[in-house]
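There are 2 protein chains.
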Amino acid sequence: MITLYDLVFDNDVRPSPFCWRTKLALKHKGLVWRDEPMGFTEKDKIAFAQSQTVPVIHDGTHVVKDSWAIALHLEKAYPGKPLFPDDPAKAHARFVNGWADTSLHILIFPMVVGDMPQTVRPQDRDYIIESRGKRLGTTDFATVQKNAREKGVVAFRQALEPVRRVMKEQPFLSGTAPAYADYILFGSLLWPRSFARDLELLDKEDIVWAWRERMLDLFDGFGRKAKTAVA
Amino acid sequence: MITLYDLVFDNDVRPSPFCWRTKLALKHKGLVWRDEPMGFTEKDKIAFAQSQTVPVIHDGTHVVKDSWAIALHLEKAYPGKPLFPDDPAKAHARFVNGWADTSLHILIFPMVVGDMPQTVRPQDRDYIIESRGKRLGTTDFATVQKNAREKGVVAFRQALEPVRRVMKEQPFLSGTAPAYADYILFGSLLWPRSFARDLELLDKEDIVWAWRERMLDLFDGFGRKAKTAVA
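Residue numbers (numbering that gives the first Met the number 0), protein chains in the order written: chain A, 0 to 230; chain B, 0 to 230.
Written as structure tokens, this is what we have:
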């Protein structure tokens with residue numbers, strides 16, 4: 000049985016874009032797993048993996064940290080229903096992975112940070128204010144968020160241009176069916192969706208909106224049914 | 000015989016990143032072509048193709064504009080030595096294409112625009128100052144360039160992170176050998192290399208530097224031997 004350590008906010012909300020990659024990869028392969036929620040101040044739970052961050056999986060004798068390493072592990076251990084059908088698909092996913100981690104997340108983070116203190120578990124609130132305050136150079140997250148959203152939504156939509164180019168030629172980033180490259184981008188979008196208030200990163204007319212709808216329907220609505228902190 | 004319309008600066012320098020994609024694709028397939036240089040004020044030369052920009056190719060009865068459309072045409076007409084070995088490779092190249100056009104070129108352009116008036120053909124100088132001046136809102140290109148380079152080199156190196164992630168796992172963006180995804184990025188780097196003075200976009204320790212060296216060696220040093228306006 001696979002155990003997945005997954006970041007948890009208050010009310011069992013699970014926002015981590017990196018953990019979403021792993022959950023979607025597990026679903027893709029038809030694997031079941033035992034879920035182990037971990038709050039920001041419970042890092043002792045993953046100390047056995049020499050990791051400070053989730054996702055971490057414990058799979059038999061294998062302990063694997065980092066979403067990309069987990070994807071590679073799952074592909075090797077469970078080769079059916081491949082996440083990367085071949086080497087070019089793997090290179091494509093690796094590129095998308097690096098692009099999301101840097102170009103996308105750097106835009107999303109300041110647009111959602113203001114909603115974090117109210118949505119993390121109460122016992123994690125001080126930790127978030129201190130750690131994210133250090134990163135931002137201020138603890139006035141509400142102002143950071145307000146300012147970031149003014150230009151950030153437009154910048155985010157522009158940053159998606161490479162995705163649009165691909166989706167003009169095929170329904171999913173990975174081809175005619177979703178695979179790991181799609182789960183990466185979808186995870187990045189499920190992150191704000193799970194707890195950021197009054198934020199819509201996509202335009203309804205955008206080809207990426209329609210793709211997201213298809214992704215939300217996958218695996219019996221696995222993403223769509225996920226708990227959110229948003230009313 | 001294929002005719003390629005290729006942007007020309009003074010002294011027969013050929014900087015266009017989009018034309019480089021096509022020239023490298025032609026080399027990849029082992030095709031020969033007739034070269035037709037076109038200055039900025041000679042757009043009448045490509046009017047027959049209903050295009051305002053190069054590359055344009057004339058291949059038998061086919062007239063094709065836009066580097067991506069040309070790549071698709073070449074792949075169909077000359078299927079040997081594929082630019083995209085399969086559909087995932089094509090999606091990968093399409094993504095890299097959109098990413099270079101937007102994320103990379105937006106960073107490179109202001110860092111090289113100051114060197115354009117002195118390096119285009121004398122008869123194209125006024126056109127460049129007027130058209131690029133309109134885009135920039137100023138004709139003081141030297142100041143734009145100076146300011147852009149202050150933070151732009153660092154930003155460019157950061158933007159290459161997705162490339163680095165892939166190249167940690169394989170020697171070329173396309174896999175064990177170069178293909179179209181590599182030509183896209185290489186074309187973007189040959190652009191400043193051909194005419195921008197005192198600008199080095201890469202760090203010698205960067206894995207991308209070593210990749211660029213390999214790319215410069217390709218096709219008997221085709222990129223390395225290209226004329227430049229730089230002493």
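Ideal placement from N, C-alpha and C gives every residue a C-beta, glycine not left out.
The structure presented is a predicted model; accordingly, all values stated were derived computationally and were not measured.
Residue(s) in a DSSP beta bridge with residue i
i: B:H61; result: B:D58
i: B:G174; result: B:F171
i: B:L231; result: Given that chain B is displayed from residue 0 to residue 230, the structure contains no residue 231 of chain B and the question cannot be resolved.
i: B:W32; result: B:I1
Nearest-angstrom Cβ-Cβ length linking residue i and residue j, presumed shorter than 8 Å
i: B:F218; j: B:K26; result: 4 Å
i: B:V55; j: B:Y126; result: At roughly 19 Å, the Cβ-Cβ gap does not stay under 8 Å, so B:V55 and B:Y126 are not in contact.
i: B:G29; j: B:K64; result: Rounded, the Cβ-Cβ distance is 23 Å, inconsistent with contact.
i: A:G151; j: A:R20; result: About 22 Å separates the two Cβ atoms, so there is no contact after all.
i: A:P87; j: B:P84; result: 6 Å
Distance CB(residue i)-CB(residue j) smaller than 8 Å
i: A:A92; j: A:A180; result: yes
i: B:D202; j: B:R156; result: yes
i: B:P116; j: B:I128; result: yes
i: A:R196; j: A:D114; result: yes
i: B:A228; j: B:F8; result: yes
i: A:A99; j: A:I183; result: yes
i: A:L103; j: A:A158; result: yes
i: B:Q169; j: B:G38; result: no
i: A:L188; j: A:R211; result: yes
i: A:A70; j: A:L82; result: yes
i: B:Q51; j: B:K42; result: yes
i: A:K167; j: A:V12; result: no
i: B:L215; j: B:V111; result: no
i: B:W190; j: B:P36; result: no
Where residue i falls, given that 16 or more other Cβ within 10 Å makes a residue buried
i: B:A178; result: buried
i: A:P14; result: buried
i: B:H239; result: With chain B covering only 0 through 230, there is no way to say anything about residue 239 of chain B.
i: A:K89; result: buried
i: A:G220; result: exposed
i: A:S130; result: exposed
i: B:A24; result: buried
i: B:P144; result: Before going further, note that residue 144 of chain B is Gln rather than Pro in the sequence given. B:Q144 comes out buried.
i: A:A141; result: exposed
i: A:I107; result: buried
i: A:G222; result: buried
i: B:T295; result: Since the first residue shown for chain B is 0 and the last is 230, residue 295 of chain B is missing from the structure and cannot be characterised.
i: A:T175; result: exposed
Given residue i as reference, the closest of the options once Cα atoms are compared
i: A:T2; options: A:E160, A:P16, A:S173 and A:K22; result: A:K22
i: B:T40; options: B:R120, B:R213, B:D139 and B:V111; result: B:R120
i: B:D58; options: B:L73, B:W98, B:E168 and B:E199; result: B:L73
i: A:L6; options: A:K28, A:S66 and A:L30; result: A:S66
i: B:E160; options: B:K224, B:V95 and B:E35; result: B:V95
i: A:K224; options: A:T175, A:T101 and A:R192; result: A:R192
i: A:G97; options: B:T175, B:V162, B:C18 and B:N10; result: B:V162
i: A:W32; options: A:M0, A:A48 and A:G174; result: A:M0
Partners in chain D for residue i, counting only beta-carbon separations shorter than 9 Å
i: B:F94; result: The structure shown has no chain D; the protein chains it does contain are A and B.
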